[in-house]
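S.K.: Before we start, here is the structure in question, set down as structure tokens.
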Amino acid sequence: MVALTRSLNVASVMLKSMFWTYGKFCALHPWEVIIGTLTVTLCFMSMTMYSSEVKICGWNYACSNIDKMQSFSTIGIKIARDVAVMSLYLKFRDLKKIGSHYLLTVSALFALFSSLLFSIAVLNVVKIDHTGFSEAFPCLILLIDLSSASTLACFALGSTSPYEVQDNIAQGMSKLGPAITLDAIVQTLVFGVGTLSGWKQLETISYFACLSVLANYLALMTFYPACLALMLELCHGVIHEQPVSKFQFIMNKDGDEEQKSNPVIQVVKIIMSTGLVFVHVYSRWITDSVKGADTMLYQNIISTSDMNHKIQPEISFWQFYLGRLFTADYVTTLLLIILLGLKYIFFDVNIDTSMGSLLKDKRNKVEISTQTCFESPQSSECVKSLKNSSETEERHQVKKPSEGISALSNKEIIELVKKKHIAGYQLEKVLGDFERGIDVRRGLIDENLTDKSVMEKLPFKNYDYSAVYGACCENVIGYVPVPVGVVGPLFMNSKDYYVPMATTEGCLVASTNRGCTALKKSGGVRSFLLSDGMTRGPVVRFPTAEECMKLKLWLNEKEAFHFVQKKFNETSRFANLTSLQANLAGRYLFIRFVATTGDAMGMNMLSKGVENALRVLQDKFPNMEIMSVSGNYCTDKKCAAINWVNGRGKSVVAEAVIPGKVVREVLKISVPALVDLNIAKNLVGSAMAGTQGGFNAHSANIVTAVYIATGQDPAENVSSSNCITLMEATGDNNSDLYISCTMPSLELGTVGGGTRLQPQAACLKMLGVEGPNETPGKNAATFAQIVCSTVLAGELSLMSALAAGHLVKSHMRHNRAPTETVKCSI
534 MVALTRSLNV ASVMLKSMFW TYGKFCALHP WEVIIGTLTV TLCFMSMTMY
584 SSEVKICGWN YACSNIDKMQ SFSTIGIKIA RDVAVMSLYL KFRDLKKIGS
634 HYLLTVSALF ALFSSLLFSI AVLNVVKIDH TGFSEAFPCL ILLIDLSSAS
684 TLACFALGST SPYEVQDNIA QGMSKLGPAI TLDAIVQTLV FGVGTLSGWK
734 QLETISYFAC LSVLANYLAL MTFYPACLAL MLELCHGVIH EQPVSKFQFI
784 MNKDGDEEQK SNPVIQVVKI IMSTGLVFVH VYSRWITDSV KGADTMLYQN
834 IISTSDMNHK IQPEISFWQF YLGRLFTADY VTTLLLIILL GLKYIFFDVN
884 IDTSMGSLLK DKRNKVEIST QTCFESPQSS ECVKSLKNSS ETEERHQVKK
934 PSEGISALSN KEIIELVKKK HIAGYQLEKV LGDFERGIDV RRGLIDENLT
984 DKSVMEKLPF KNYDYSAVYG ACCENVIGYV PVPVGVVGPL FMNSKDYYVP
1034 MATTEGCLVA STNRGCTALK KSGGVRSFLL SDGMTRGPVV RFPTAEECMK
1084 LKLWLNEKEA FHFVQKKFNE TSRFANLTSL QANLAGRYLF IRFVATTGDA
1134 MGMNMLSKGV ENALRVLQDK FPNMEIMSVS GNYCTDKKCA AINWVNGRGK
1184 SVVAEAVIPG KVVREVLKIS VPALVDLNIA KNLVGSAMAG TQGGFNAHSA
1234 NIVTAVYIAT GQDPAENVSS SNCITLMEAT GDNNSDLYIS CTMPSLELGT
1284 VGGGTRLQPQ AACLKMLGVE GPNETPGKNA ATFAQIVCST VLAGELSLMS
1334 ALAAGHLVKS HMRHNRAPTE TVKCSI
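Residue numbering for the sequence shown is 534 to 1359, as defined by the working numbering.
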């Protein structure tokens, strides 16, 4: 059973890889694929599969009057046609609601060629009778696969740069290809059963349906991805003038979950396909013994049909259809098409990109499902419908229907949220007002709180939430003001810096500021960047440890590194892979990618590059199973020896020499006392406690305070606070103090994340490192040096306070006197 499971996994990986390669080929060579496909189609339209002597009754030739195909019931065919037209209209309406003109255009192009051109080309090969084709035409419309076409377009439109288009199309083909292929097989086998019925009308329509499925499959797997790649290439400038967020709702970061096929449905399809294959085998081959007698009758029918065919006038395909198009039987269908077309063009044009379908009841009252109203909350019809379905069943009249839900009171909106007609986390989007959306959410939470004064104490007004929504926080109910102090001037590398620190710990800013004063009087601090490299460590699995080892050894080769580096660097103009480190545990392989990321902290950049690299590695090692893009081998936001030893992010050192006079007059302590305490506390004491990277007094204090003030991820302080503080007596008669702080894993950046928030950006600007630098990475490197130097100032001051016995006294005085001005003595 295990072997079978492994075989199925390997087969699945190989199948996805095959479709990915195929999709990549179509995207890389769109012109060749388009021209080749059209050429083959034109050849099909101008050739005949059978010679004039071979005529199959009911399939490629009109039979005699005895067996001549009779149309289905006129009513049944008419209903089928009208249903097909309505189905096509709804499909295009659904596409329009997505809001992308590109998606609509390419999907319409695909529908045109897949349902008509390719089908006619294939049907022309076997010279099918036009009468049968007209009855089967509704089936062709119903079989148009716009959902797969639009899904593949979603992958392509999610691209943020030209090189991503090809990879995204290939990824889409790898995800959709197996399911589309299985669906085509199932549909062909299902319709194929109709060809075994013995009812000539049904057999003919079933044959047409089978060929239409194959034609659609051919177009979707060849012509369409090539057209998609070519269109996006030609429209590159137009697309990339739009912000990437325009297409994020199409891709949906949880889109991978949505694209996953239901395994139960897939198994049912496979079982059903197997059963249908047996049906076909039984009908086509096992019953050969009874076909002898039918052969003579069949040949007679062909002969009779051939005679009848010769006396029938020859008319072209288009003559036939133009003649039938304006018959009474088709008038109502034409009228339906015209009406739906006018409605689509003139009345559906203003459908908002977030709106769902609105269904009118007999009294023209709008009844909207929960999901529909979730998608279209601004519509006045939605408001009236939701209010009619409230618990009180009271009827409310919207005074300003044009304003939609925003015209309701907060209390009424809260009731709609409780009924789950509106998603609570989307209140800002629903109301089109950040502050009011937060106010409504606060009211919803306030109803569940015992103390009703809680929300009154949490501020929420006068804040720029536009930078928060969709980027920094969800379900916002306000903000927590954190006091921001400033220390400085910090004289580092011959330049003064004023460092903002957001903290609620008394005396922290004052103490660090005292350290800055001592450093300023001593000539300042020098800081250097030792290395730069953010990391991401995915985990992959192989069937055996031996195969795992082969990849590990291969990654050690120079050519292999350059191959992976090329694929990794393709994903960003700032990402540059600098090294790989692989280690295995049994059949698990952990690969640590190290890369520079410009001025960004770079975790998302690393993740994107790693995914692309793993994809090409999987092509070379098909047995490799990608378990997670992060296997805790990075290591992010966790205490880890690998970060302490090898570094992560920015590795920085800062040093200074403090004259003995400054130590005595400013720090109120002697040099020998500081050196002795540093050995006892920061070195021996930390070793006794078994700390990892914690050979310091309080580096986490400074790191966290600066991180909060400048919009960094505060959780990164876990490894960013790794620091070893060293103190030595130096100078004449060892009267001066040498101090250094070495921090191997400062994870920070000056772009992205919380740095986009206005207060945090202001703090970065105070340091002169806001945003990206003309030299990528320079701002982030300077920022890391500032953080390390500020930590040194804090270490110097706190250690002096501890050695002099001032710490407890200062904190007690500060924390015990809330109403009077207190001076910290440290």
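Glycine included, C-beta positions come from ideal geometry on N, C-alpha and C.
As the structure is a prediction and not an experimental result, all values here were calculated from the model.
Could you check how far apart the C-beta atoms of residue 1230 and residue 1215 are, in whole angstroms? I think they sit under 8 angstroms.
M.R.: Along the sequence shown, one-based indexing puts residue 1230 at 697. Along the sequence shown, one-based indexing puts residue 1215 at 682. With 8 angstroms as the limit, residue 1230 and residue 1215 qualify as a contact, their Cβ atoms being about 6 angstroms apart.
S.K.: At 4 residues or longer, what runs of the alpha helix (DSSP H) sit wholly inside the segment 951-1032?
M.R.: Complete alpha helix (DSSP H) runs here, min 4: 960-964 and 967-979.
S.K.: Go to residue 1279, then tell me how far its beta strand (DSSP E) extends in each direction, as first and last residue.
M.R.: By 1-based counting over the sequence shown, the position of residue 1279 is 746. Element bounds for residue 1279: 1269-1279.
S.K.: Just mark residue 1361 as buried or exposed, buried being the case when its beta carbon has 16 or more other beta carbons within 10 Å.
M.R.: This structure leaves residue 1361 out entirely; the chain is present only between 534 and 1359.
S.K.: By a C-beta neighbour count over all protein chains shown, 10 Å radius and 16 as the cutoff for buried, is residue 1353 buried or exposed?
M.R.: Within the sequence shown, residue 1353 is the residue found at index 820, counting from 1. Legend: pLDDT at residue 1353 = 47, less than 50; position of this residue unreliable, no value from coordinates given.
S.K.: Would DSSP call residue 1161 helix, strand or coil?
M.R.: As a working mapping, residue 1161 is identified with position 628 in the sequence shown. Three-state DSSP puts residue 1161 in a strand.
S.K.: Cβ of residue 1239 within 8 angstroms of Cβ of residue 1320?
M.R.: As a working note, residue 1239 is residue 706 in the sequence shown. As a working note, residue 1320 is residue 787 in the sequence shown. Yes. Within cutoff.
S.K.: So what does DSSP say about residue 1068, is it helix, strand or coil?
M.R.: What you label residue 1068 is simply residue 535 of the sequence shown in a count that begins at 1. It is a strand residue.
S.K.: Indicate whether residue 1067 and residue 1139 have their beta-carbon atoms separated by less than 8 angstroms.
M.R.: As a position in the sequence shown, residue 1067 is number 534, starting the count at 1. As a position in the sequence shown, residue 1139 is number 606, starting the count at 1. Against a cut-off of 8 angstroms, the Cβ pair of residue 1139 and residue 1067 comes out as a contact.
S.K.: Assign residue 1126 to one of three DSSP states: helix, strand, or coil.
M.R.: Here residue 1126 refers to the residue found at position 593 of the sequence shown. Residue 1126: strand per DSSP, three-state reduction.
S.K.: Rank 1203, 1210, 1114 and 1246 by C-alpha distance to the C-alpha of residue 1170 and give the top, closest one.
M.R.: For this step, residue 1170 is matched to residue 637 along the sequence shown. The candidate whose alpha carbon is nearest that of residue 1170 is 1246.
S.K.: My understanding is that residue 1208 touches residue 1202, with C-beta atoms under 8 angstroms, so please give their C-beta distance in whole angstroms.
M.R.: In the sequence shown, counting from the first residue as 1, residue 1208 sits at position 675. In the sequence shown, counting from the first residue as 1, residue 1202 sits at position 669. No, residue 1208 and residue 1202 are not in contact; Cβ-Cβ is about 11 angstroms, not under 8 angstroms.
S.K.: With a CB to CB cut of under 6 angstroms and the five nearest residues on each side skipped, what residues in its chain are close to residue 1180?
M.R.: As a first step, residue 1180 is located in the sequence shown; it is residue number 647 there, counting from the start. Only 1064, 1277 and 1278 meet the Cβ criterion.
S.K.: Give me whichever residues DSSP pairs with residue 1183 in a beta bridge.
M.R.: As a working mapping, residue 1183 is identified with position 650 in the sequence shown. 1065 and 1279, per the DSSP bridge assignment.
S.K.: I'd like to know if the segment 1144-1164 and the segment 1092-1101 are in contact, where contact means that at least 3 CB-CB pairs between them fall below 8 angstroms.
M.R.: Enough Cβ pairs lie closer than 8 angstroms, so yes.
S.K.: Where does residue 958 land, buried or exposed, given buried means 16+ other C-beta within 10 angstroms?
M.R.: Residue numbering aside, residue 958 sits at position 425 when the sequence shown is read from its first letter. By the 10 Å Cβ count, residue 958 comes out exposed.
S.K.: So, using beta-carbon positions, are residue 1081 and residue 1125 closer together than 8 angstroms?
M.R.: Reading the sequence shown from its first residue, position 548 is the one you call residue 1081. Reading the sequence shown from its first residue, position 592 is the one you call residue 1125. No, these two residues do not count as a Cβ contact at 8 angstroms.
S.K.: Please go through the same chain and pick out, in chain order, the residues whose beta-carbon is closer than 7 angstroms to the beta-carbon of residue 1129, but skip the five residues on each side of it.
M.R.: Translated into positions along the sequence shown, residue 1129 becomes position 596. If we look at residue 1129 and ignore the five residues flanking it on each side, its Cβ neighbours are 1065, 1066, 1109, 1111 and 1310.
S.K.: Since residue 1001 and residue 1009 are thought to touch, with beta carbons under 8 angstroms apart, how far apart are those beta carbons, to the nearest angstrom?
M.R.: Numbered from 1 along the sequence shown, position 468 holds the residue referred to as residue 1001. Numbered from 1 along the sequence shown, position 476 holds the residue referred to as residue 1009. That pair is a contact at about 6 angstroms.
S.K.: Which term fits residue 1006, buried or exposed, when burial requires 16 or more other beta carbons within 10 angstroms of its beta carbon?
M.R.: For the purposes of this step, residue 1006 is identified with residue 473 of the sequence shown, where counting begins at 1. With fewer than 16 Cβ atoms within 10 Å of its Cβ, residue 1006 is classed as exposed.
S.K.: The beta strand (DSSP E) that contains residue 1332, what's its start and end?
M.R.: Here residue 1332 refers to the residue found at position 799 when the sequence shown is read from its first residue. From DSSP, residue 1332 is part of no beta strand (DSSP E) but of the alpha helix (DSSP H) over 1311-1337.
S.K.: So what does DSSP say about residue 1217, is it helix, strand or coil?
M.R.: Counting from 1 along the sequence shown, the entry for residue 1217 is found at position 684. Residue state, collapsed to three classes: helix.
S.K.: Roughly how far, in whole angstroms, is the beta-carbon of residue 993 from the beta-carbon of residue 978, given that I think they are within contact range, below 8 angstroms?
M.R.: The sequence position of residue 993 within the sequence shown is 460, counting from 1. The sequence position of residue 978 within the sequence shown is 445, counting from 1. Between residue 978 and residue 993 the Cβ distance is about 12 angstroms, and since that is not below 8 angstroms, they are no contact.
S.K.: Please classify residue 736: is it buried, with 16 or more other beta-carbons within 10 angstroms of its beta-carbon, or exposed?
M.R.: On the sequence shown, position 203 is the one that residue 736 refers to. Counting Cβ neighbours within 10 Å, residue 736 comes out buried, since at least 16 surround it.
S.K.: Going by beta-carbon coordinates alone, are residue 1025 and residue 1060 separated by less than 8 angstroms?
M.R.: Position 492 of the sequence shown, counted from the first residue, corresponds to residue 1025. Position 527 of the sequence shown, counted from the first residue, corresponds to residue 1060. In contact: residue 1025 and residue 1060 (Cβ atoms closer than 8 angstroms).
S.K.: Would you tell me roughly how many angstroms separate the C-alpha atoms of residue 715 and residue 955, rounded to the nearest one?
M.R.: Sequence index remark: in the sequence shown, residue 715 carries index 182 (1-based). Sequence index remark: in the sequence shown, residue 955 carries index 422 (1-based). For residue 715 and residue 955, the distance between alpha carbons rounds to 37 angstroms.
S.K.: Answer with buried or exposed for residue 974, where buried requires no fewer than 16 other C-beta atoms within 10 angstroms of its C-beta.
M.R.: Counting from 1 along the sequence shown, the entry for residue 974 is found at position 441. Under this definition residue 974 is a buried residue.
S.K.: If you follow the beta strand (DSSP E) that residue 1262 is part of, which residue opens it and which one closes it?
M.R.: Within the sequence shown, numbered from 1, the residue matching residue 1262 stands at position 729. Its beta strand (DSSP E) spans residues 1256-1263.
S.K.: Using the DSSP secondary-structure output, state which residues sit across from residue 757 in a beta bridge.
M.R.: Along the sequence shown, read from residue 1 onward, the residue named residue 757 stands at position 224. For residue 757, which the question treats as bridged, DSSP gives no partner whatsoever.
S.K.: Nearest to residue 1194 by CA position, among 983, 999, 722 and 1054, is which residue?
M.R.: Within the sequence shown, numbered from 1, the residue matching residue 1194 stands at position 661. Closest option to residue 1194, Cα to Cα, is 1054.
S.K.: In its own chain, which residues sit with a C-beta less than 6 angstroms from the C-beta of residue 1296, not counting the 5 before and 5 after it?
M.R.: The residue labelled residue 1296 in the question sits at position 763 within the sequence shown. These residues qualify, in order along the chain: 1033, 1242 and 1243.
S.K.: Count the other CB atoms within 10 Å of the CB of residue 743; is the residue buried (16 or more) or exposed (fewer)?
M.R.: Position 210 of the sequence shown holds residue 743. Buried.
S.K.: Quick check on residue 1334: buried or exposed, where buried means 16 or more other Cβ atoms within 10 Å of its Cβ?
M.R.: In the sequence shown, residue 1334 corresponds to position 801, counting from 1. Buried, since its Cβ has 16 or more Cβ neighbours within 10 Å.
S.K.: Using the rule of at least 16 other Cβ atoms within 10 Å of the residue's Cβ for burial, across every protein chain shown, is residue 557 buried or exposed?
M.R.: Within the sequence shown, residue 557 is the residue found at index 24, counting from 1. Burial call: buried.
S.K.: Are the beta-carbon atoms belonging to residue 1228 and residue 1258 less than 8 angstroms from one another?
M.R.: The residue labelled residue 1228 in the question sits at position 695 within the sequence shown. The residue labelled residue 1258 in the question sits at position 725 within the sequence shown. For residue 1228 and residue 1258, yes; Cβs fall inside 8 angstroms.
S.K.: Which residues mark the beginning and the end of the beta strand (DSSP E) in which residue 1036 is found?
M.R.: Locating residue 1036 in the sequence shown gives position 503, where the first residue counts as 1. Counting along the chain, residue 1036 falls outside any beta strand (DSSP E), and DSSP gives it neither H nor E.
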